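Residue numbers (our numbering): 77 to 361. Idealized CB from N, CA, C, for every residue including glycine. For clarity, every value in this text was computed on a predicted model and none was experimentally measured. Here's the structure we're looking at; comments come further down.
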């Protein structure tokens, strides 16, 4: 049971996080993993009251993002100690990425791998497969593009058996954009196996500064499950709601100070009506 519970918790986080990310931004380019010409982001420290989350970023010799480590307490009060590695082919295209944490290793699982598919000069889909005694997960996502080569949606599929012959549509995300190329909003649809929509969430009215997002990867960000890395600018505000009704509505605002390279040096996020405030410090080299 220990392996099953550990994998279930980790896989749930891994599968759902890509659908439930809050801080979405965008650029229409395909992305090559490069995070900018001046000042690579190497660490962020997020403080929320007495809790903190430290994220460190690693790069290859071509200054392309190759690893990410998160350690601390997240905004839900959960302890996190996770490590991600992004693998590329000789052309710099993401082929797969792996995720692990100490609880998985203790349970005898080295890592969880996601395979990324690329064809005709674009990322097309990714697949996560876990198959150990007592626990099976087979999940995939297919990207939807518009005529300009911009990702405008993701269709999520799950195979309850883990074999792949019983896939059903488990969710969708539809993305919309501003004329600047930044994301203006998104809609999440979750479905049960009968096709009934069981949950809907919305983010809208996104606004941005005119400064540089320290990690902006274009469409590659979707392939990595990090839509907050898509934009060329930094988000300033958004409105969130879901099918739970007005009690779940949120207004989110962001404020930054900037360094000499026009990238965030510090940031503050305020979520209302919760009156939750988080502070972020950015470190570069």
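Secondary structure note for residue 299: its alpha helix (DSSP H) is the uninterrupted segment 296-299.
Secondary structure of residue 175 (DSSP, three-state): strand. Residue 121 has 130, 357 as its beta-bridge partners, per DSSP. Residue 289 sits close to residue 307, with the two beta carbons spaced by under 7 Å.
When the Cα atoms are used, residue 217 and residue 360 turn out to be separated by approximately 33 Å. Per DSSP, residue 327 is one residue of the beta strand (DSSP E) stretching across 326-334. Residue range 211-221 is occupied by the beta strand (DSSP E) that includes residue 213. Counted as a single uninterrupted DSSP element, the beta strand (DSSP E) harbouring residue 229 occupies residues 227-234. Counting along the chain, residue 261 sits inside the beta strand (DSSP E) bounded by residues 259-267. Each of 339, 328, 171 was checked against the Cα of residue 354, and the nearest Cα belongs to 328. By the Cβ test, the segment 220-237 is not in contact with the segment 308-326, since fewer than three Cβ pairs between them sit closer than 8 Å.
In the assembly as shown, residue 320 is an exposed residue. Its beta-carbon has fewer than 16 other beta-carbons within 10 Å. Per DSSP, residue 351 lies in no beta strand (DSSP E) segment and is marked neither H nor E. For residue 148, the uninterrupted beta strand (DSSP E) segment begins and ends at 141-149. Remark: C-beta atoms of residue 278 and residue 246 do not approach each other more closely than 7 Å. Judged by DSSP in its simplified three-state form, residue 322 adopts helix. Assigned with DSSP and collapsed to three states, residue 239 falls in coil, not helix or strand. The alpha-carbon separation between residue 132 and residue 162 amounts to approximately 14 Å.
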